[in-house]
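First residue of the sequence shown? That's 1 in UniProt numbering, and the numbers climb one at a time after it.
Here is the structure we will look at, set down as structure tokens.
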Amino acid sequence: MIPVEGTTPDLMPVLSRGKHRTPRSGGCFMEFASYLAGESWSDHPACTHPVLASLARMVNDCTSDTARSRLSSLIPSVIGLKGDDRRVAPVVALRAATAALPVASAERQRALSVGILACERRLAALDESASRRASAQAREAFAQAPDAERWAHDFIYSVRSWSRTKFTNHTADSILRVSVQGIAEACITDPDERLKALLGQAIADCDAILRAPTDARVDSVPAHF
Numbered sequence: 001m002i003p004v005e006g007t008t009p010d011l012m013p014v015l016s017r018g019k020h021r022t023p024r025s026g027g028c029f030m031e032f033a034s035y036l037a038g039e040s041w042s043d044h045p046a047c048t049h050p051v052l053a054s055l056a057r058m059v060n061d062c063t064s065d066t067a068r069s070r071l072s073s074l075i076p077s078v079i080g081l082k083g084d085d086r087r088v089a090p091v092v093a094l095r096a097a098t099a100a101l102p103v104a105s106a107e108r109q110r111a112l113s114v115g116i117l118a119c120e121r122r123l124a125a126l127d128e129s130a131s132r133r134a135s136a137q138a139r140e141a142f143a144q145a146p147d148a149e150r151w152a153h154d155f156i157y158s159v160r161s162w163s164r165t166k167f168t169n170h171t172a173d174s175i176l177r178v179s180v181q182g183i184a185e186a187c188i189t190d191p192d193e194r195l196k197a198l199l200g201q202a203i204a205d206c207d208a209i210l211r212a213p214t215d216a217r218v219d220s221v222p223a224h225f
């Protein structure tokens, strides 16, 4: 079912949780993106960076049924945001963790704080300007959860092998999962709005990196530093 320019799709999937074999049973955010991109129906399409796609799937699944349709306006924005710039994973993970930290439970705040420090460390090894932005973003979030920041520093100090760990897409996914669940399950009145805003901000972050001039990108190399 490949979309043809100037025509209306014969079947528009209804956004719903999870993975769907065909659009007849509905579709998640990334499945709809695969359709619009002219790819085979999939929640892991090639048209979007895997870490951004992972965030989109999580936001889709954790948004309430009544609010999920509002995410559809963001779907076209993820198409074409792909590439192997090493900054994408830590930038998206940092965006999610700093969004969740002020509202998440105390237990999740600790995990998020460690994740924020990991993102900061990764970006410091990749790009000076990205590192400065990451530090400012982290400081703003930590100002709202100082106890969690202190705990994270103490934890990292006690785990000497932490400095040798690699930051991979799997690392980013783990941070994203805690972040999205932290927002969705927080004692707040606007989790759906926050989740949509998070996804929109992450899309903008990726757009700034992946659509930048080629000479401004950080090419792919092994994830260790």
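By construction, the Cβ of each residue, glycine as well, lies at the ideal position given by its N, Cα and C atoms.
No residue range can be given for residue 41, since it is assigned to no alpha helix (DSSP H) and is classified by DSSP as neither H nor E.
With a contact defined as Cβ atoms closer than 8 Å, residue 42 and residue 34 qualify at about 5 Å. Under the three-state reduction of DSSP, residue 15 is assigned to strand. Segment contact: the stretch 102-122 against the stretch 177-188, three or more CB-CB distances shorter than 8 Å; contact assigned. By the Cβ test, the stretch 190-204 is in contact with the stretch 95-103, since at least three Cβ pairs between them sit closer than 8 Å. Nearest to residue 187 by C-alpha distance, out of 67, 103, 91, is 103. Note that the C-beta distance between residue 89 and residue 169 is below 8 Å.
Taking each of 138, 83, 37 in turn and checking the Cα distance to residue 209, the smallest one comes out for 83. CA-to-CA, the gap between residue 119 and residue 91 works out to about 7 Å. In the DSSP assignment, residue 122 falls within the unbroken alpha helix (DSSP H) covering 106-124. In the structure shown, residue 27 adopts extended strand secondary structure according to DSSP, grouped into three states.
Spanning the alpha carbons of residue 52 and residue 158 requires a straight line of approximately 32 Å.
In this chain, the alpha helix (DSSP H) harbouring residue 94 covers 88-100.
In terms of Cβ geometry, residue 47 and residue 56 do not form a close pair [threshold 8 Å]. If you keep only unbroken alpha helix (DSSP H) runs of at least 4 residues inside the stretch 127-204, you get 128-142, 146-158, 169-184. Out of 165, 153, 79, 189, the CA that lies nearest to the CA of residue 204 is found in 79. By the neighbour-count criterion, in which a residue is buried when 16 or more other Cβ atoms sit within 10 angstroms of its Cβ, residue 66 is exposed. Going by DSSP, residue 53 is part of the alpha helix (DSSP H) stretching over 50-62. For residue 184 against residue 62, the beta-carbon gap comes to about 4 Å, under 8 Å, which counts as contact.
Within a 10 Å sphere around the beta-carbon of residue 189 sit fewer than 16 other beta-carbons, which makes this residue exposed.
A direct Cα-Cα distance of roughly 46 Å separates residue 125 from residue 24.
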